[in-house]
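Residue numbers (my numbering): 103 to 701.
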């Protein structure tokens, strides 16, 4: 305890001296340059450049700031936040492209995500300098805990996690079936922290005892990487050498993923909507002519609507206050609309199946998964859903899934229901209602767990959906995500979204199919290998045979509990740091009061 007190006092004295002799943000010893350097290296490791080996050293600038006895200059955390803002603005710049109003959301999101860099540096500094924990352990634990927070706070944002840089390095990321993408992030930060600690030990020999003391972090990092590589190789070898018993349980689905390229615009154009629908229908017909043995066709999010989205009605059917019609007129209008939608479904399904083979029993033929929008009227209230439909070969809607995890500022405005005029000043005219449960899409070949758009970026959501369906007795054989990434105009956000699909496949050990407007559509195996990949901002049909074999894994069982332990560590460190800050503030006030009394 005495040693801790002396360390704390020396840190306070150093902080006072640093405040008296501040270094500028842009000076060689200032905080901004190393923070910017790390941000640039990490950006370069991600797409569009994709120089993934840089990720192992990208955090070095941030780690150097953690190792310093005291952060130099006035308001060093403001400089670190600014560097984080620049990093995230560059990484997420595709968010701004679809509409000028989205610039505000882009900058706001970047500023919010930059806060996590401040928390990472601050909490790790407390763990290292106040609690005496090696940076080799403190940095990856704090980083992983904060990534878990980011995945849940404000509805969650788990795009571009540190581990996602390695989404193409399939051997290394097999550990995601143990603790999710967070395990890969932990690995990367552990290696970077080990390099930083080893470098510090050799630069300042007095801080470590002998060659062994200076080199143990690097040796530990090398051992951990080798263990992860060995685990990955063993896992992939099992995939390639499945037993006959496994092969007898294999589920196979011949699917066509339909991709066209229509960038998102916010002016409603009925003619354009009809053209989008017609283009996807034509691509589907061409797909059936090429592969008449198809079991499943998948269209992206929202493109099935045309100008004829789905209307659902629950009695009593009462006209909304702004409908300008009587209840009877409203009922007739809804019924006519529903009849038109039913006719559209039948025409699409029967035309596709007629091209493939003669009409057969209801258990045969080509099934269609398509994204649309649904409105539900009940007792005068109107709810709008982002939905996806499962349509059988006769054109009946066999199942319907309402998106559960809505995107803030993309599908709803915070407090929009309480303050409706907020929708009048944004390109979003009305907000969606979230769905309340996962829905199995059951076809003759497989049981499918559907998701929509950025739901695939939320690891715990997909895991919970799979677990819920299993408890219902509808264990999924396949994950299907329908998405309209036309919002991002071909930017690297498409790559970040694809990386999430790779990790969801490994975490749940299920094949993952993506049908994406503007790309990147993909067929991903249970092992995370990308078997088929669509182009960027171009039309294509991806033919794939999705194969699923029963496969148990740790992440499906315990989910984010390992990352939760890291978060618990963060909470504990934050309590220590807050208590120290309060104590220092009181001591500073006491010193100031004493100096004033002496005068």
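Virtual Cβ for every residue (Gly too), placed ideally from N, Cα, C.
Whole beta strand (DSSP E) runs in the region 431-472 with 3 or more residues, listed along the chain?
With a minimum length of 3 residues, no continuous beta strand (DSSP E) run stays inside the region 431-472.
Taking one C-beta from the region 577-596 and one from the region 240-252 each time, how about it: are there three or more such pairs within less than 8 Å?
With the cut-off at 8 Å, the region 577-596 and the region 240-252 do not touch.
Between which two residues does the alpha helix (DSSP H) holding residue 711 run?
With the chain covering 103 to 701 only, the question about residue 711 has no answer from this structure.
Going by alpha carbons, who is nearest to residue 568 out of 556, 555, 549?
Counting from 1 along the chain shown, the entry for residue 568 is found at position 466. Considering only alpha carbons, the answer is 549.
Would you kindly check if the distance between the Cβ of residue 277 and the Cβ of residue 157 is under 7 Å?
Taking the chain shown and counting its residues from 1, the one referred to as residue 157 is at position 55. Taking the chain shown and counting its residues from 1, the one referred to as residue 277 is at position 175. No.
Mapping DSSP to helix, strand and coil, what is residue 583?
Residue mapping note: residue 583 aligns to position 481 of the chain shown, counting from 1. Strand at residue 583.
Identify the continuous alpha helix (DSSP H) that holds residue 567 and give its terminal residues.
Here residue 567 refers to the residue found at position 465 when the chain shown is read from its first residue. Its alpha helix (DSSP H) spans residues 561-573.
Taking the alpha helix (DSSP H) that residue 551 falls in, what are its first and last residues?
Position 449 of the chain shown, counting from 1, holds the residue named residue 551. Residue 551 -> not in any alpha helix (DSSP H); beta strand (DSSP E) instead, spanning 549-554.
Check this for me: beta carbons of residue 229 and residue 235, under 7 Å apart or not?
The residue you call residue 229 lines up with position 127 of the chain shown. The residue you call residue 235 lines up with position 133 of the chain shown. In this structure, residue 235 lies closer than 7 Å to residue 229 by Cβ.
Kindly indicate the opening and closing residues of the alpha helix (DSSP H) around residue 657.
As a first step, residue 657 must be located in the chain shown, where it is residue number 555. Its alpha helix (DSSP H) spans residues 656-660.
Quick one: what's residue 427 bridged to in DSSP?
On the chain shown, position 325 is the one that residue 427 refers to. Bridge partners of residue 427: none, in fact.
Name the one or two DSSP bridge partners that residue 503 has.
Numbered from its first residue, the chain shown carries residue 503 at position 401. Residue 503 pairs with 490.
Pick helix, strand or coil for residue 626, following the three-state DSSP scheme.
Taking the chain shown and counting its residues from 1, the one referred to as residue 626 is at position 524. Reduced to three states, the DSSP call for residue 626 is strand.
Between the region 191-203 and the region 159-175, can you find at least three pairs of beta-carbon atoms closer than 8 Å?
Flag = no, the region 159-175 and the region 191-203 do not touch.
Which class does residue 496 belong to by DSSP, given the choice of helix, strand or coil?
As a working mapping, residue 496 is identified with position 394 in the chain shown. Three-state result, residue 496: coil.
Assuming residue 443 contacts residue 410 (C-beta within less than 8 Å), just tell me the rounded distance between them.
Here residue 443 refers to the residue found at position 341 of the chain shown. Here residue 410 refers to the residue found at position 308 of the chain shown. With 8 Å as the limit, residue 443 and residue 410 qualify as a contact, their Cβ atoms being about 6 Å apart.
Quick one: give me the first and last residue of the alpha helix (DSSP H) that residue 277 is part of.
Taking the chain shown and counting its residues from 1, the one referred to as residue 277 is at position 175. No alpha helix (DSSP H) contains residue 277, which DSSP labels as neither H nor E.
Whole-angstrom Cβ separation of residue 250 and residue 571, contact assumed at under 8 Å?
In the chain shown, counting from the first residue as 1, residue 250 sits at position 148. In the chain shown, counting from the first residue as 1, residue 571 sits at position 469. That belief does not hold up - the Cβ atoms of residue 250 and residue 571 are roughly 24 Å apart, past 8 Å.
The beta strand (DSSP E) that contains residue 395, what's its start and end?
As a first step, residue 395 is located in the chain shown; it is residue number 293 there, counting from the start. Looking at the DSSP string, residue 395 is not in any beta strand (DSSP E), and its letter there is neither H nor E.
Is the beta carbon of residue 537 closer than 7 Å to that of residue 514?
Taking the chain shown and counting its residues from 1, the one referred to as residue 514 is at position 412. Taking the chain shown and counting its residues from 1, the one referred to as residue 537 is at position 435. Result no, Cβ atoms of residue 514 and residue 537 do not sit closer than 7 Å.
Around the C-beta of residue 152, are 16 or more other C-beta atoms found within 10 angstroms, so that it is buried, or is it exposed?
What you label residue 152 is simply residue 50 of the chain shown in a count that begins at 1. Exposed is the call here.
Residue 343 bridges to which residues according to DSSP?
Reading the chain shown from its first residue, position 241 is the one you call residue 343. Beta-bridge pairing links residue 343 to no other residue.
Rounded to the nearest angstrom, what separates residue 381 and residue 579 at their Cα positions?
Here residue 381 corresponds to residue number 279 of the chain shown, with the count starting at 1. Here residue 579 corresponds to residue number 477 of the chain shown, with the count starting at 1. Taking the straight line joining both Cα atoms gives about 30 Å.
What did DSSP end up calling residue 188 once you bin it into helix, strand or coil?
Numbered from 1 along the chain shown, position 86 holds the residue referred to as residue 188. The answer is helix: DSSP assigns residue 188 an H, G or I state.
Is it buried or exposed, residue 429, if we count other Cβ atoms within 10 angstroms and call 16 or more buried?
Stepping through the chain shown from its first residue, residue 429 is reached at position 327. With fewer than 16 Cβ atoms within 10 Å of its Cβ, residue 429 is classed as exposed.
DSSP three-state call for residue 477: helix, strand or coil?
For the purposes of this step, residue 477 is taken as residue 375 along the chain shown, with counting starting at 1. Strand, per DSSP.
If you follow the beta strand (DSSP E) that residue 541 is part of, which residue opens it and which one closes it?
Along the chain shown, one-based indexing puts residue 541 at 439. First-last for residue 541: undefined, no H or E at that position.
According to DSSP, what are the bridge partners of residue 329?
The residue labelled residue 329 in the question sits at position 227 within the chain shown. According to DSSP, residue 329 bridges with nothing at all.
What alpha helix (DSSP H) runs, 4 residues minimum, are completely inside the region 141-221?
Whole alpha helix (DSSP H) segments, 4+ residues: 162-169, 178-193.
Which of the three DSSP states is assigned to residue 369 in this structure?
Start at 1 with the first residue of the chain shown, and residue 369 comes out as number 267. Reduced to three states, the DSSP call for residue 369 is coil.
Given that a residue counts as buried once 16 or more other Cβ atoms are within 10 Å of its Cβ, and exposed if not, what is residue 266?
Within the chain shown, numbered from 1, the residue matching residue 266 stands at position 164. Burial call: buried.
Tell me whether residue 681 is buried or exposed, calling it buried when 16 or more other Cβ atoms sit within 10 Å of its Cβ.
To locate residue 681, count along the chain shown from 1; it is residue 579. Exposed: under 16 other Cβ atoms inside 10 Å.
Do you know how far the Cα of residue 665 is from the Cα of residue 284?
For the purposes of this step, residue 284 is taken as residue 182 along the chain shown, with counting starting at 1. For the purposes of this step, residue 665 is taken as residue 563 along the chain shown, with counting starting at 1. Going by the C-alpha atoms only, they are around 7 Å apart.
By a C-beta neighbour count over all protein chains shown, 10 Å radius and 16 as the cutoff for buried, is residue 660 buried or exposed?
Position 558 of the chain shown holds residue 660. Counting Cβ neighbours within 10 Å, residue 660 comes out exposed, since fewer than 16 surround it.
Our contact map puts residue 399 next to residue 407 with C-beta atoms below 8 Å; I'd like the distance itself, whole angstroms only.
Taking the chain shown and counting its residues from 1, one reaches residue 399 at position 297. Taking the chain shown and counting its residues from 1, one reaches residue 407 at position 305. At roughly 17 Å, the Cβ-Cβ gap does not stay under 8 Å, so residue 399 and residue 407 are not in contact.
Quick one: give me the first and last residue of the alpha helix (DSSP H) that residue 295 is part of.
Within the chain shown, numbered from 1, the residue matching residue 295 stands at position 193. Unbroken alpha helix (DSSP H) run through residue 295: 283-305.
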